[in-house]
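Only one structure is covered here, and it is reproduced in the block below.
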Amino acid sequence: MVAATRHSVPRRGALWQAVGYVGLLAAVLLPAEKARAEPPAREDGLFISIRNPITSDVVDNVKAKTKRALERTDRRIHTFIFDFNPGEQAEGHPSGTKEYGPCHDLAAYLLTLQEVKTVAFVHNEVTAHTVLPVLACTDIIMSSEAKLGSVSKDLPSRVLEDEVHFYEIVANRRGLCPAFVLKMLDRDVELLEATRLGAVW
Numbered sequence: 302m303v304a305a306t307r308h309s310v311p312r313r314g315a316l317w318q319a320v321g322y323v324g325l326l327a328a329v330l331l332p333a334e335k336a337r338a339e340p341p342a343r344e345d346g347l348f349i350s351i352r353n354p355i356t357s358d359v360v361d362n363v364k365a366k367t368k369r370a371l372e373r374t375d376r377r378i379h380t381f382i383f384d385f386n387p388g389e390q391a392e393g394h395p396s397g398t399k400e401y402g403p404c405h406d407l408a409a410y411l412l413t414l415q416e417v418k419t420v421a422f423v424h425n426e427v428t429a430h431t432v433l434p435v436l437a438c439t440d441i442i443m444s445s446e447a448k449l450g451s452v453s454k455d456l457p458s459r460v461l462e463d464e465v466h467f468y469e470i471v472a473n474r475r476g477l478c479p480a481f482v483l484k485m486l487d488r489d490v491e492l493l494e495a496t497r498l499g500a501v502w
């Protein structure tokens with residue numbers, strides 16, 4: 302089991318930090334009277350639950366909801382929040398999908414969403430290939446009980462080479478450390494920490 306840390310998911314909390322920075326900048330740049338008179342600009346978002354396990358129907362449903370939201374002319378949706386533990390928190394069961402295909406398709410789709418923020422909301426444990434679309438989001442928000450668990454632990458067979466390669470692609474596209482992702486795929490991977498050029502690797 303790999304518990305999430307600041308090192309494994311460096312983007313965690315970036316959404317709320319960004320919102321705070323924008324608000325601070327607006328307060329500094331606007332005249333005091335105008336800042337008091339006008340409320341801060343609101344950014345619309347959409348909350349989408351990801352049913353467990355992830356199937357082709359789940360992926361199609363997510364794509365349809367996202368597409369409808371993006372095509373709206375009355376509201377511009379800037380942020381999509383995907384709940385990867387819908388209903389499981391109370392039961393204490395992790396969200397995990399053993400089938401690679403639908404998780405790959407959902408992750409690949411999330412990578413195509415360029416002009417919006419995609420947020421993975423994790424408030425319990427996520428295991429198996431459900432980890433993949435979580436990593437494909439631009440931001441990950443995790444509760445204190447959340448964990449990104451082992452991908453390979455409950456799978457019926459070893460993770461294939463092309464599957465490992467796609468995990469690496471997702472890690473690189475989202476600025477994650479590939480070593481941490483590979484550790485989720487293979488518990489025998491050994492992680493070492495060293496200092497190089499003044500930075501911790």
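Per the working numbering, numbering through the sequence shown is continuous, rising by one, with the last residue being 502.
For each residue, glycine too, the CB sits at the ideal point set by N, CA and C.
In this structure, does DSSP put S350 in helix, strand or coil? What you label residue 350 is simply residue 49 of the sequence shown in a count that begins at 1. Strand at S350.
What residue from T428, L411, C438, F383 has the CA that sits closest to H394's CA? The count along the sequence shown starts at 1 and reaches residue 394 at position 93. Closest by alpha carbon: T428.
Closest to K399 by CA distance: which of E464, V482, T413, F481 is it? Reading the sequence shown from its first residue, position 98 is the one you call residue 399. Of the candidates E464, V482, T413, F481, the one whose C-alpha sits nearest the C-alpha of K399 is E464.
Tell me whether S445 is buried or exposed, calling it buried when 16 or more other Cβ atoms sit within 10 Å of its Cβ. Mapped onto the sequence shown, residue 445 falls at position 144. When all chains shown are included, S445 counts as exposed.
Kindly indicate which three-state DSSP category E464 falls into: helix, strand or coil? Numbered from 1 along the sequence shown, position 163 holds the residue referred to as residue 464. Residue state, collapsed to three classes: helix.
C438 versus L411: straight-line alpha-carbon distance, rounded: Translated into the one-based positions of the sequence shown, residue 438 becomes position 137. Translated into the one-based positions of the sequence shown, residue 411 becomes position 110. Taking the straight line from one Cα to the other gives about 6 Å.
Where does G499 sit, in a helix, a strand or coil, going by DSSP? Locating residue 499 in the sequence shown gives position 198, where the first residue counts as 1. In the three-state reduction of the DSSP assignment, G499 falls in the coil class, being assigned neither a helical nor a strand state.
Specify whether the segment 478–486 and the segment 414–421 touch according to this definition: at least 3 beta carbon pairs, one from each stretch, less than 8 Å apart. Counting C-beta pairs closer than 8 Å gives fewer than three between the segment 478–486 and the segment 414–421, which falls short of the contact rule.
For E494, does the three-state DSSP call read helix, strand or coil? Within the sequence shown, residue 494 is the residue found at index 193, counting from 1. Three-state result, E494: coil.
Exposure label - S458; buried when at least 16 CB within 10 Å: Here the question's residue 458 lines up with position 157 in the sequence shown. Only exposed fits S458, as fewer than 16 other CB atoms lie within 10 angstroms of its CB.
Terminal residues of the continuous beta strand (DSSP E) containing A421? To locate residue 421, count along the sequence shown from 1; it is residue 120. Run containing A421: 418–423, per the beta strand (DSSP E) assignment.
In terms of alpha-carbon separation, which member of H424, V482, P434 lies closest to S451? Taking the first residue of the sequence shown as position 1, residue 451 is located at position 150. Nearest of H424, V482, P434 to S451, Cα basis: V482.
Could you tell me if D384 is buried or exposed, where buried requires 16 or more neighbouring beta carbons within 10 angstroms of its beta carbon? Reading the sequence shown from its first residue, position 83 is the one you call residue 384. Under this definition D384 is a buried residue.
Within its chain, find whatever has a CB closer than 7 Å to the CB of V501; leave out the 5 residues flanking it on each side and keep chain order. If you number the sequence shown from 1, residue 501 lands on position 200. Answer for V501: E494, listed in chain order.
Boundaries of the alpha helix (DSSP H) in which V427 is found, first to last residue: The residue labelled residue 427 in the question sits at position 126 within the sequence shown. That residue, V427, is in no alpha helix (DSSP H); its beta strand (DSSP E) goes 426–429.
Cutting at 8 Å between CB atoms, please list the residues of its own chain near Y322, excluding the five before and the five after it. As a working note, residue 322 is residue 21 in the sequence shown. Model confidence at Y322 stands at a pLDDT of 37, short of 50, so the residue's coordinates are unreliable; what they give is reported in the following sentence. The answer is none, since no qualifying residue turns up.
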